[in-house]
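For what it's worth, our numbering labels the leading residue of the sequence shown as 1, then goes sequentially.
Reviewing the structure listed below.
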Amino acid sequence: MTVRSQMVRFVLVGAANTGTYYAFYLLLLTRLPYVASHLVASGLSMIGSFFLNSWFTYRTRPTWRKFLLFPLSNAANLLITTVGVYLLVDVLHLGSRFAPLLAAGGAVPITFLVSRAIMLPREPASAATAGDTGPPDHEPAATTPTAEPSANGR
């Protein structure tokens, strides 16, 4: 699968995730302040995002290691959107209902790059230049028959 097709799938998953996030955000906004609603909705939607990105975007097996590292891919997103929501609501005085949707746009490219690095193994230089993203289940390259031996001989 090419990086371009992964990016398209990532955007589709992101759209579904944004809908899920926004539904949680609006529901929580009835009981919590907007920043708390944003943070809780982000955490809840991140779980669904992990599984959709594992299976659909990168076609890789979800593992506990990836699950525990996946929040790093959303750390930049969370920071950018949180600052964006604050600036849009408190500085520019836009409504808190639509601010998260506007803030999300700037975070997408960074989130894609970080999530791709977490979800897929590092590629040998020859595969990276050919646009190949590895074997179908994206196991670490050292376990595939075509992988080069590592420096320690294993």
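Using N, Cα and C, we set each Cβ at its ideal position, and we do this for glycine too.
Asked	Found
Rounded C-alpha distance that separates V11 from R31	30 Å
Entirely enclosed alpha helix (DSSP H) segments - the region 60-118, minimum 4 residues	64-86, 99-104
L88 burial status per 10 Å Cβ neighbour count (16 or more: buried)	buried
T18 in three-state terms, based on DSSP	helix
The alpha helix (DSSP H) enclosing F50, as first and last residue numbers	34-52
For R122, the three-state DSSP class (helix, strand or coil)	coil
Cα-Cα separation between L79 and N17, rounded to whole angstroms	17 Å
Cβ-based burial, F98 [other Cβ within 10 Å; buried from 16]	exposed
DSSP-derived helix/strand/coil call for M7	helix
Chain-order list of residues whose beta-carbon lies under 7 Å from that of T20 (same chain, five-residue window excluded)	S45, G48
T30 in three-state terms, based on DSSP	coil
Same chain, Cβ closer than 8 Å to H38, five either side skipped, listed in chain order	Y25, T81, T82, V85, P100
For T2, the three-state DSSP class (helix, strand or coil)	coil
Coarse secondary structure for Y25, derived from DSSP in three states	helix
Separation of L94 from F50, as counted between CA atoms	31 Å
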